Amino acid sequence: MNIILIVIIAANVLFSYKGFNDVSFFRKYEFHIGSIRAGEQIRMFSSGFLHADMGHLFFNMFTLYMFAPVVIDHFGSFSFLLIYVGSLVFGSLLTLLMHKNDYSYRAIGASGAVTGILYSAILINPSMMLGLFYVIPIPAYLFGIGYLLYSIYGMKAKNDNIGHTAHFGGAIGGYLITLLKEPMMVVDNTTIVLLLAIPIVILFIMSKAGKL
169 MNIILIVIIA
179 ANVLFSYKGF
189 NDVSFFRKYE
199 FHIGSIRAGE
209 QIRMFSSGFL
219 HADMGHLFFN
229 MFTLYMFAPV
239 VIDHFGSFSF
249 LLIYVGSLVF
259 GSLLTLLMHK
269 NDYSYRAIGA
279 SGAVTGILYS
289 AILINPSMML
299 GLFYVIPIPA
309 YLFGIGYLLY
319 SIYGMKAKND
329 NIGHTAHFGG
339 AIGGYLITLL
349 KEPMMVVDNT
359 TIVLLLAIPI
369 VILFIMSKAG
379 KL
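Written as structure tokens, this is what we have:
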């Protein structure tokens, strides 16, 4: 397994485990609008390495483990790291933009960065198939679209501490960085490029309409 991928997964596991057992540590590094606007910008990065519980951590790291090799094999380790970090930052920026006046808003999770890698991998290999529940074959692009549509539900429900808004920011980051690195994907995989844009467009329409 790629050394950068190992380091990222290890950092998520160790940082999250510390947060599971140390509430003050968790509160110090989670995404919190009030604290960020007071000058604690480190939270926009550190929150991407904290998770709500073991299930949340496992799902994110398993998804990363499944899709990261596609990006690494195609672009190389440095570009993979660029897409991962860029997606994390995009996720935090979008969350800050959409919740800037909600000073009590809190969120955690690597979902933004992982969704960026997911989107990048699908753009690279549109024909990729996944085993839903390890049994039902499903095209990866449908999984990606469904993942973001579920995130819309999570954003509207507001019943957990998971950074659903970051999913979209991360998707936008992975989407744009990948297309900037390889613009011919727009010509070669036009249908997939347009399909993956659908949830992003829906998000902004709902946001503008005040539905989120």
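Every letter in the sequence shown is one number past the one before it in the numbering used here, and letter 182, counting from 1, is 350.
Note that CB positions come from ideal geometry on N, CA and C, so glycine has one too.
Given the structure is predicted, the values throughout are model-derived calculations rather than measurements.
Helix, strand or coil at residue i according to DSSP, with G and I counted as helix
{"i": "residue 377", "result": "coil"}
{"i": "residue 297", "result": "strand"}
{"i": "residue 275", "result": "strand"}
{"i": "residue 201", "result": "helix"}
{"i": "residue 304", "result": "strand"}
{"i": "residue 210", "result": "coil"}
{"i": "residue 242", "result": "helix"}
{"i": "residue 190", "result": "coil"}
{"i": "residue 220", "result": "coil"}
{"i": "residue 367", "result": "helix"}
{"i": "residue 267", "result": "coil"}
{"i": "residue 180", "result": "helix"}
{"i": "residue 237", "result": "helix"}
{"i": "residue 228", "result": "helix"}
Option nearest residue i by Cα separation, candidates the options
{"i": "residue 276", "options": "176, 220, 369", "result": "220"}
{"i": "residue 274", "options": "285, 295, 196, 169", "result": "196"}
{"i": "residue 360", "options": "292, 208, 233", "result": "292"}
{"i": "residue 190", "options": "314, 218, 236", "result": "218"}
{"i": "residue 371", "options": "319, 348, 227, 355", "result": "319"}
{"i": "residue 223", "options": "253, 257, 188", "result": "188"}
{"i": "residue 294", "options": "354, 202, 257, 377", "result": "354"}
CB of residue i within 8 Å of CB of residue j, strictly
{"i": "residue 339", "j": "residue 283", "result": "yes"}
{"i": "residue 240", "j": "residue 344", "result": "no"}
{"i": "residue 260", "j": "residue 346", "result": "no"}
{"i": "residue 204", "j": "residue 264", "result": "yes"}
{"i": "residue 357", "j": "residue 278", "result": "no"}
{"i": "residue 309", "j": "residue 363", "result": "yes"}
{"i": "residue 232", "j": "residue 336", "result": "no"}
{"i": "residue 266", "j": "residue 375", "result": "yes"}
Backbone CA spacing between residue i and residue j [nearest angstrom]
{"i": "residue 177", "j": "residue 352", "result": "31 Å"}
{"i": "residue 334", "j": "residue 367", "result": "13 Å"}
{"i": "residue 350", "j": "residue 229", "result": "26 Å"}
{"i": "residue 285", "j": "residue 255", "result": "8 Å"}
{"i": "residue 216", "j": "residue 193", "result": "14 Å"}
{"i": "residue 268", "j": "residue 198", "result": "15 Å"}
{"i": "residue 281", "j": "residue 341", "result": "8 Å"}
{"i": "residue 200", "j": "residue 306", "result": "36 Å"}
{"i": "residue 314", "j": "residue 271", "result": "30 Å"}
{"i": "residue 170", "j": "residue 242", "result": "13 Å"}
{"i": "residue 235", "j": "residue 311", "result": "12 Å"}
{"i": "residue 296", "j": "residue 290", "result": "7 Å"}
{"i": "residue 373", "j": "residue 237", "result": "33 Å"}
{"i": "residue 377", "j": "residue 317", "result": "17 Å"}
{"i": "residue 207", "j": "residue 214", "result": "14 Å"}
{"i": "residue 348", "j": "residue 369", "result": "19 Å"}
{"i": "residue 202", "j": "residue 210", "result": "13 Å"}
{"i": "residue 244", "j": "residue 227", "result": "24 Å"}
- Does the segment 246-254 come close enough to the segment 181-196 that 3 or more CB-CB pairs lie under 8 Å? no
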